[in-house]
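Peer 1:
Protein chains: 2
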Amino acid sequence: MDAQEPKTPTAWRDITPDAARRLVIAAVEAFAERGYHATTTRDIASRAGMSPAALYIHYKTKEELLYQISRVGHLLSLGLLTEARDGAGPPAARLEAAVRAFVRWHAEHHTTGRVVQYELGALGPEHYAEIVDLRRTTEGVIRSIVTDGVAAGDFDVPDVSGTTLAVLSLCIDVARWFNPDGRRTPDEVGELYAGLVSRMVGARTA
Amino acid sequence: MDAQEPKTPTAWRDITPDAARRLVIAAVEAFAERGYHATTTRDIASRAGMSPAALYIHYKTKEELLYQISRVGHLLSLGLLTEARDGAGPPAARLEAAVRAFVRWHAEHHTTGRVVQYELGALGPEHYAEIVDLRRTTEGVIRSIVTDGVAAGDFDVPDVSGTTLAVLSLCIDVARWFNPDGRRTPDEVGELYAGLVSRMVGARTA
DNA sequence: TGCCGCTCTGAGCAAGCGCTTAGCCCCGCC
DNA sequence: GGCGGGGCTAAGCGCTTGCTCAGAGCGGCA
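So the protein sequences, as listed, match chains A and B.
Quick note: the first sequence uses UniProt numbering, first residue 1, plus one each step.
Quick note: the second sequence uses UniProt numbering, first residue 1, plus one each step.
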């Protein structure tokens, strides 16, 4: 377990002050490992190298920590997706690029991904609603690429809505099973999944 | 919410005595709704219509309840899968049957499925090890069908291991997003997914 | 009728939870 | 050189948690 050096994932680079950033990183690790409800504020604080009370100087509640992680995580992955959608090239290439980037992110940041994808039920009602909205947007981005492909005659998709759901679901679940000590690198998983998704939408082999 | 009649899912039919069965069903609902750690023994007991203390007559701990649910759930879905694998017909048909059954089960019993698939981290070490073993077996069943298809020249799968993982992942994640009030019935999702998986493995169109 | 054993309850214990408070340290500014 | 305020800690409050225990109710058997 000593391979886990205390690197700062790029996601949290611009959180200040330093203590606040250490707290989010500690919270991500703890939430991903044990789940939100099984994680104590004492655990988060001690991982960040401070006393339990110090947490409350930077965050009002434990839930607010989860909310920040969830918000930033969703915005980042949504950004990757929109970038791919707005890129150049035919729908097939853009869908592959989107899947590659999305999957790569969920593998690379699989701890954050786990929190983002599987702990949102612990959010308070208004934060939950906000996150659900982001998720709907995310789904919309993939759907639009699929729709483009169908319209262009490049894809063969009988059920656009269902297939979109399945593609998104497949990519999201990477955060659950990905193991950095496993056989595949994030890039390799992204490549594999891009190919699988191409087949799912019946993309014309160029 | 009154559409939720207190039916007895077939999975728990043969648990006796009656109170013990009511407790598992209550626990499945509660765990699926809020997660294992956010569920209190008082909540489970009151859903089952009894006092908190009564739970401990039938189960030693709250974790044992989770273990029973996890064990039975894994065995049931594993049974469906092996049945499909050992059925008649070419690999393509058997893979489709497996996916159809597995997905249908995870949609129909999506509450149980959620607990089975997403709460196993809360199991104690020895129970966890036992469940992980069942999961390896499950993966092996799908892999063997894929391998059969490749050997028969019916599938085009560059990466058997990775594709198997993706297929399993896709099916499992149904438990997370499936909504019984949504547009799709379990049968429809099973059908959709069987088609998508066929494409993923590059099955020869019969 | 008397007794046993199974099921269940009311009351409650020890531990751990999220979070608060009072006060200390220390750095920058006048 | 004094002081104000942000960052931090030790202590602990009020509450909930998983779980226990002594005893009540009751059906079946002798």
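Heads up, the beta-carbon is just placed ideally off N, CA and C, and yes, glycines get one too.
This one's a predicted model, so the numbers in the text were calculated from it and none came from an experiment.
#1: State yes or no: is the C-beta of residue 211 (chain B) within less than 9 Å of the C-beta of Ala27 (chain B)?
#2: Measuring only the C-alpha atoms, how far is Glu5 (chain B) from Asp187 (chain A)?
#3: Distance check for Ala93 (chain B) and Ile25 (chain A), CA to CA, integer angstroms please.
#4: Using 8 Å as the threshold, is the segment 141–149 of chain B in touch with the segment 85–104 of chain B, meaning 3 or more CB pairs across them?
#5: Can you give the Cα-Cα distance for Met200 (chain B) and Met200 (chain A), rounded to whole angstroms?
#6: Can you tell me whether Leu168 (chain A) is buried or exposed, with buried defined as 16 or more other CB within 10 angstroms of its CB?
#7: Are the beta-carbon atoms of residue 209 (chain A) and Val132 (chain A) separated by less than 9 Å?
#8: Roughly how many angstroms separate the alpha carbons of Ala3 (chain B) and Pro90 (chain A), rounded to a whole number?
#9: Going by DSSP in three states, Arg22 (chain B) sits in which element: helix, strand or coil?
#10: Classify Glu126 (chain B) as buried or exposed, calling it buried when 16 or more other Cβ atoms lie within 10 Å of its own Cβ.
#11: Against chain A, with Cβ distances strictly below 9 Å, would Leu196 (chain B) count as a contact?
#12: Buried or exposed for Tyr67 (chain B), please, with buried defined as at least 16 other CB atoms from any protein chain shown within 10 angstroms of its CB.
#13: Determine whether the Cβ of Trp177 (chain B) lies closer than 9 Å to any Cβ atom of chain A.
#14: By the DSSP assignment, the alpha helix (DSSP H) with Leu120 (chain A) in it spans what residues?
#15: Could you please give the first and the last residue of the uninterrupted alpha helix (DSSP H) stretch that includes Ile15 (chain B)?
#16: Would you list, in chain order, the members of the segment 109–132 of chain A that have their beta-carbon closer than 8 Å to a beta-carbon of chain B?
#17: Taking only three categories from DSSP, how would you classify Ser46 (chain A)?
#18: Using beta carbons (cut-off 9 Å, strictly below), is Tyr56 (chain A) in contact with chain B?
#19: Report the three-state DSSP secondary structure of Val115 (chain B) (helix, strand or coil).
#20: Out of A:Ile57, A:Glu29, A:Leu120, A:Trp105, which one is the CA nearest neighbour of Arg34 (chain B)?
#21: Put Ala107 (chain B) into one of helix, strand or coil per three-state DSSP.
#22: If you compare alpha carbons, which of B:Arg184, B:Val160, B:Ala107, B:Gly73 is closest to Arg135 (chain B)?
Peer 2: Considering the structure as presented:
#1: Because residue 211 (chain B) is not part of the residues shown, which for chain B are 1 to 206, the question remains open.
#2: Confidence is the limiting factor: at Glu5 (chain B) the pLDDT is only 49, short of 50, which leaves the residue's position unreliable, though a coordinate-based value still follows. So the two alpha carbons sit approximately 47 Å from each other.
#3: 47 Å
#4: yes
#5: 6 Å
#6: buried
#7: The structure shown does not extend to residue 209 (chain A), since chain A is modelled only from 1 through 206, so no value can be given for it.
#8: The predicted model places Ala3 (chain B) with a pLDDT of 45, which falls under 50 and marks its position as unreliable; any figure quoted below should be read in that light. Spanning the two alpha carbons is a distance of roughly 46 Å.
#9: helix
#10: exposed
#11: yes
#12: buried
#13: yes
#14: Run containing Leu120 (chain A): none; DSSP gives neither H nor E here.
#15: Element bounds for Ile15 (chain B): n/a, residue is neither H nor E.
#16: Tyr118, Gly121, Ala122
#17: helix
#18: no
#19: helix
#20: A:Leu120
#21: helix
#22: B:Gly73
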